[in-house]
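A short worksheet on the structure shown next.
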Amino acid sequence: MAESIVDANILIEVLRGNDGLQFFIETLDCAINTTVYVELIQGAKNKSEVARIEKSLRQFPLIHFNESISLLTIDLIRRYSKSHGLMFGDAVIAATCLDHQVALVTYNAKDFRFIDGLELKIPEF
2 MAESIVDANI LIEVLRGNDG LQFFIETLDC AINTTVYVEL IQGAKNKSEV ARIEKSLRQF
62 PLIHFNESIS LLTIDLIRRY SKSHGLMFGD AVIAATCLDH QVALVTYNAK DFRFIDGLEL
122 KIPEF
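Every number in our numbering is 1 more than the matching position in the sequence shown, counting from 1.
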């Protein structure tokens, strides 16, 4: 199992050609979850960009939703959506990390730092 899940904002920078970040990600044992995959595809400009993104994503194991992640997502939304503005997609990503006991690699620490038990890795690239 992976030691980290990579957030979409990190992969967007890698796709834009950030070589330092690419190298950093390659040094980690990373996976992505369904939400990150869908966010990247949804943000693509056209079908050829979708194909390029999907080709890049093949290097990562893909973690799918399950009952445990769904229940954790509900709990996180209940606890943090009103007090901290936690959004559904971020809740699913955090729940996946918590369920699999792995860190989240992200540039958006502000979206997650209030979640009890969630380890964040913030690259400096």
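No residue lacks a Cβ here, since even glycine has one placed at the ideal position from N, Cα and C.
Check, Outcome
"Going by the DSSP bridge assignment, what does C1 pair with across the sheet?", "Residue 1 lies beyond the residue range present for the chain, which begins at 2 and ends at 126; the question has no answer from this structure."
"Tell me the DSSP bridge mates of V1?", "With the chain covering only 2 through 126, there is no way to say anything about residue 1."
"At a Cβ threshold of 7 Å, is K56 touching chain D?", "This model lacks chain D altogether, as it is built from one protein chain only."
"My output table needs one value for I75: the three-state DSSP class, helix, strand or coil.", "helix"
"For N137, count the other beta carbons within 10 Å of its own beta carbon; 16 or more makes it buried, fewer makes it exposed. Which is it?", "Here the chain covers residues 2 to 126 and nothing more, so residue 137 does not appear."
"If you measure between the beta carbons of A1 and L99, is that distance less than 7 Å?", "No answer is possible for residue 1: it lies beyond the span of the chain, which begins at 2 and ends at 126."
"Taking the C-alpha atoms as reference points, what is the distance between G118 and V93?", "15 Å"
"Quick check on the DSSP output: the alpha helix (DSSP H) that includes D91 runs from which residue to which?", "89-101"
"Using DSSP with H/G/I as helix, E/B as strand and the rest coil, what is I116?", "coil"
"Rounded to the nearest angstrom, how far is the Cβ of I64 from that of A32, given a contact under 8 Å?", "5 Å"
"When you compare only the Cα positions, how much space is there between V103 and S49?", "32 Å"
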